[in-house]
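Written out below as structure tokens is the structure these notes cover.
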Amino acid sequence: MGENKITAADHISFFVEKGEFCIIVGPSGAGKTTVLNMLGGMDTCDEGRIVLDGNLISEYSQKQLTTYRRYDVGFVFQFYNLVQNLTALENVELASEICRDPLDARETLTGVGLGERLRNFPAQLSGGEQQRVAIARALAKNPKILLCDEPTGALDYNTGKAVLGLLQDTCRNTGRTVIVITHNSALTGMADRIIRIKSGKAVSNEVNLHPTPVEEIEW
Ligand SMILES: Nc1ncnc2c1ncn2[C@@H]1O[C@H](COP(=O)(O)OP(=O)(O)OP(=O)(O)O)[C@@H](O)[C@H]1O
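Using UniProt numbering, the first residue of the sequence shown is number 1, and each one after it goes up by one.
Here is the structure:
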């Protein structure tokens with residue numbers, strides 16, 4: 001930023017095993033989103049290595065990153081990022097149609113509990129329902145990894161819990177690796193792995209052998 005150099009991720013180092021439900025936790029400004037965006041190929045690092053499923057994505061060209069984002073990564077954002085003039089079904093199809101081995105859009109929406117709302121536009125859905133569409137959109141791509149940046153940040157307590165439960169179930173039922181970013185340390189109890197980030201550094205990487213179902217977590 002002009003004269004100032006901001007180091008958003010500073011020699012940050014961690015690993016996640018395939019199929020884990022991982023929570024990256026840290027205070028605002030710690031560097032969580034930067035790390036997630038680099039993992040998802042939306043941002044690049046100027047040093048270091050990022051490896052996913054044996055592939056060195058930190059060396060990828062812009063073209064390779066586009067392919068990587070398209071086929072390998074599913075994103076879930078805090079504010080859903082749905083296309084407003086497309087229905088729930090069309091939003092999911094938009095993603096699945098550009099993928100190699102997509103899941104059926106209708107079935108995926110049914111799987112997240114929205115089988116009755118396929119023809120609704122985002123403005124006709126609640127925040128929690130819109131986030132479910134966004135999760136279905138990410139899942140329908142059949143990605144290797146699901147990256148979720150504060151997925152419950154815009155939702156009320158119970159709706160947030162339901163969305164987290166859906167993400168946890170997705171991980172358990174499909175064996176997909178799920179990484180969730182949050183500033184809420186109460187949520188760490190539901191994860192298989194917890195990575196704590198502070199001032200751009202990973203300060204710990206713990207395994208939780210007995211994750212708690214989200215319904216039993218209070219905050
Ligand atoms: N494009 C950018 N230009 C300048 N500074 C940036 C940029 N992106 C991030 N930063 C800075 O890098 C640091 C880490 O930001 P980041 O968004 O990754 O943190 P975070 O942990 O996700 O925070 P929050 O929970 O508030 O979203 C912050 O100090 C932020 O201001």
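Ideal Cβ placement from N, Cα and C applies to all residues, glycine included.
Beta-ladder partner(s) of Arg193, from DSSP = Cys22 and Val207
request  = Can you have a look at Phe15 and say buried or exposed, based on whether 16 or more other CB atoms are within 10 angstroms of its CB?
outcome  = exposed
query = So Asn142 packs on Cys99, CB below 8 Å; how close in whole Å?
reply = 6 Å
inquiry  = Residues in the same chain with beta-carbon distance under 8 Å from Leu155, minus the five sequence neighbours each way, listed in chain order, please.
reply    = Gly127, Gly128, Gln131 and Val163
request  = Check each residue's C-beta against every heavy atom of ligand 1 and list, in chain order, those closer than 6 Å.
outcome  = Met1, Ile6, Ala8, Gly26, Ser28, Gly29, Ala30, Gly31, Lys32, Thr33, Thr34 and His183
ask   = What are the boundary residues of the beta strand (DSSP E) that Leu164 is part of?
value = Taken as a continuous stretch (DSSP letters only), Leu164 belongs to no beta strand (DSSP E), being part of the alpha helix (DSSP H) at Tyr157 to Thr174.
query = Run through DSSP, which three-state label would Thr110 get?
reply = helix
query = Can you tell me the Cα-Cα spacing of Arg196 and Pro27, whole angstroms?
reply = 9 Å
request  = Could you have a look at Asn55 and say whether DSSP puts it in helix, strand or coil?
outcome  = strand
message = Going by the DSSP bridge assignment, what does Gly128 pair with across the sheet?
response = Paired residues: none, contrary to the question.
ask   = Under 8 Å, do Leu114 and Val83 count as touching if we go by C-beta distance?
value = no
Paired residues, beta bridge with Cys148 - DSSP = Val76 and Val180
task = Could you give the DSSP three-state label for Ala202: helix, strand or coil?
result = strand
message = Quick check on Leu187: buried or exposed, where buried means 16 or more other Cβ atoms within 10 Å of its Cβ?
response = buried
key: Ser185 in three-state terms, based on DSSP   = helix
query = With a cut-off of 8 Å, do at least 3 Cβ pairs link the segment 35-47 to the segment 3-14?
reply = yes
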